[in-house]
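Numbering of the sequence shown is given in the UniProt record's numbering, commencing with residue 1 and proceeding in unit increments.
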Amino acid sequence: MKVGFIGTGSMGSLLIDAFIRSGALRPEQIRVSNRTPEKAQLLSKRHPGLTVCSCNQETASDSDLFFICVKPLEFKSVISEIRDRLLERQIAVSITSPVQLIHLEAALPCKVAKIIPSITNITGGGASLCMYGSRIKEEDRQLIESLLSYISRPVEILESHTRITSDFSSCGPAFLSLFLEKWIDAAVEMTGIDRRTLNALAGEMLVGTGRLLTEEGFSPEQLQERVAVPGGITAQALILLNSHLNGLFYQLIETTHDKYEEDLAKLDAAFGFSVNRPRY
Numbered sequence: 001m002k003v004g005f006i007g008t009g010s011m012g013s014l015l016i017d018a019f020i021r022s023g024a025l026r027p028e029q030i031r032v033s034n035r036t037p038e039k040a041q042l043l044s045k046r047h048p049g050l051t052v053c054s055c056n057q058e059t060a061s062d063s064d065l066f067f068i069c070v071k072p073l074e075f076k077s078v079i080s081e082i083r084d085r086l087l088e089r090q091i092a093v094s095i096t097s098p099v100q101l102i103h104l105e106a107a108l109p110c111k112v113a114k115i116i117p118s119i120t121n122i123t124g125g126g127a128s129l130c131m132y133g134s135r136i137k138e139e140d141r142q143l144i145e146s147l148l149s150y151i152s153r154p155v156e157i158l159e160s161h162t163r164i165t166s167d168f169s170s171c172g173p174a175f176l177s178l179f180l181e182k183w184i185d186a187a188v189e190m191t192g193i194d195r196r197t198l199n200a201l202a203g204e205m206l207v208g209t210g211r212l213l214t215e216e217g218f219s220p221e222q223l224q225e226r227v228a229v230p231g232g233i234t235a236q237a238l239i240l241l242n243s244h245l246n247g248l249f250y251q252l253i254e255t256t257h258d259k260y261e262e263d264l265a266k267l268d269a270a271f272g273f274s275v276n277r278p279r280y
């Protein structure tokens, strides 16, 4: 199987690195193209055998399955460039959340799907959110999820839930990292402990907490109950956190949805759609 990547920026290159590192793909199976050719050439040096194509048309037409890893407002021009070179049997996979399956199916003759990867996939962990167009058959679904299972846990979701699920699986590592950064900053300043020690402890804590949630079946509420002894240090700290975080996550969801809907409106206009969608 030949797999293409149109766009080798942060997430495109992460997926390529992850697929090769995990053994899901060999460099010889991969075709890439990028608006800045130098970035694609760097990938070919890192993974000898990988093919750098001269244009997006070449990447798409020479691939059985290809990922479109570009910014939302670049999609229309990329699709216009490649659509005449595509066959019905091929599979186009968007990794860009505001781009809708109806946009892709209206503009492309091939099968279409959408996935939302995560930076955690580089470690072989985290989830990949999966959504499928109407032309995707069961064997296509199995092919996509088999590939993704090398680097993640594929989870099929409703497209209407793209934004909120992405907040957790894709944006979540950044949100949690900000929380840890502020916590560590305060600890270093107040106690003089070295930052490297706390970074390592925080990382191990996140790994262990993740396993408790995914492998041991704990809910967040149950974890708090197990750790916090009534009247103890953890319980007092949880009261403090609750008082300061009250309402914050409603604002967080408002913020991510506002940006998503702004991009979605621009894409609807670019693809000639007029759609009324529920906010959440």
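Where a beta carbon is used, it is the ideal one built from N, C-alpha and C, also for glycine.
Predicted model, so just to flag it, every value in this text is computed and none were measured.
**Prompt:** Which whole runs of the beta strand (DSSP E) in the segment 103–161 are 3 residues long or more, in chain order?
**Reply:** 111–116, 127–132 and 153–156, all fully within the segment 103–161.
**Message:** Helix, strand or coil, according to DSSP, for A24 in the structure here?
**Reply:** In this structure, A24 counts as coil in the three-state DSSP scheme.
**Request:** Tell me whether the beta-carbon of S169 lies closer than 8 Å to the beta-carbon of A107.
**Result:** For S169 and A107, no; Cβs fall outside 8 Å.
**Asked** Contact between the segment 72–90 and the segment 21–32: three or more CB pairs below 8 Å?
**Response** Remark: fewer than three beta-carbon pairs, one from each stretch, lie closer than 8 Å, so the segment 72–90 and the segment 21–32 are not flagged as touching.
**Supposed contact pair A113 and V99 - C-beta distance, whole angstroms, cut 8 Å** = 11 Å between Cβ atoms; not a contact.
**Asked** What's the call for Y250, buried or exposed, on a 16-neighbour Cβ count within 10 Å?
**Response** When all chains shown are included, Y250 counts as exposed.
**Request:** Could you tell me which uninterrupted alpha helix (DSSP H) segments, each at least 4 residues in length, are contained entirely in the segment 6–94, listed from first to last along the chain?
**Result:** Counting whole runs of 4 or more residues, the segment 6–94 contains the alpha helix (DSSP H) stretches 10–22, 37–46, 56–61 and 75–82.
**Asked** If you drop the 5 nearest sequence neighbours on each side, which residues of the same chain put their C-beta closer than 7 Å to that of E81?
**Response** Around E81, the same chain offers N56 and Q57 as residues with beta carbons nearer than 7 Å, after the five sequence neighbours per side are excluded.
**Asked** Name the DSSP bridge partner or partners of G4?
**Response** The partner list for G4 (beta bridge, DSSP) reads R31 and F66.
**Asked** Mapping DSSP to helix, strand and coil, what is P173?
**Response** P173: helix per DSSP, three-state reduction.
**Message:** Let's see if you can read the secondary structure: which residues bound the alpha helix (DSSP H) around Q251?
**Reply:** Under the DSSP assignment, Q251 falls in the alpha helix (DSSP H) whose first and last residues are L248 to F271.
**Item:** Three-state secondary structure (DSSP) of T96
**Value:** Three-state DSSP puts T96 in coil, outside helix and strand.
**Request:** Sort G7, C69, H161 and I68 by Cα distance to K39 and report the nearest one.
**Result:** The shortest C-alpha separation from K39 is found at G7.
**Prompt:** Could you check where the alpha helix (DSSP H) with V207 kicks off and where it finishes?
**Reply:** Segment R195 to T214, the alpha helix (DSSP H) holding V207.
**Prompt:** Tell me which same chain residues have a C-beta within less than 7 Å of the C-beta of S134, skipping the five on either side of it?
**Reply:** Cβ neighbours of S134 beyond the five flanking positions: E105.
**Prompt:** Using the beta-carbon count (16 or more within 10 Å), is P48 buried or exposed?
**Reply:** By the 10 Å Cβ count, P48 comes out exposed.
**Request:** Let me know the secondary structure DSSP gives S274 once reduced to three states.
**Result:** In this structure, S274 counts as coil in the three-state DSSP scheme.
**Request:** Look at the Cβ atom of I115, then the Cβ atom of L101, and state whether they are nearer than 8 Å.
**Result:** Going by C-beta atoms, I115 is not nearer than 8 Å to L101.
**Request:** Specify the secondary structure class of S219 as computed by DSSP and reduced to three states.
**Result:** If DSSP states are grouped into helix, strand and coil, S219 belongs with coil.
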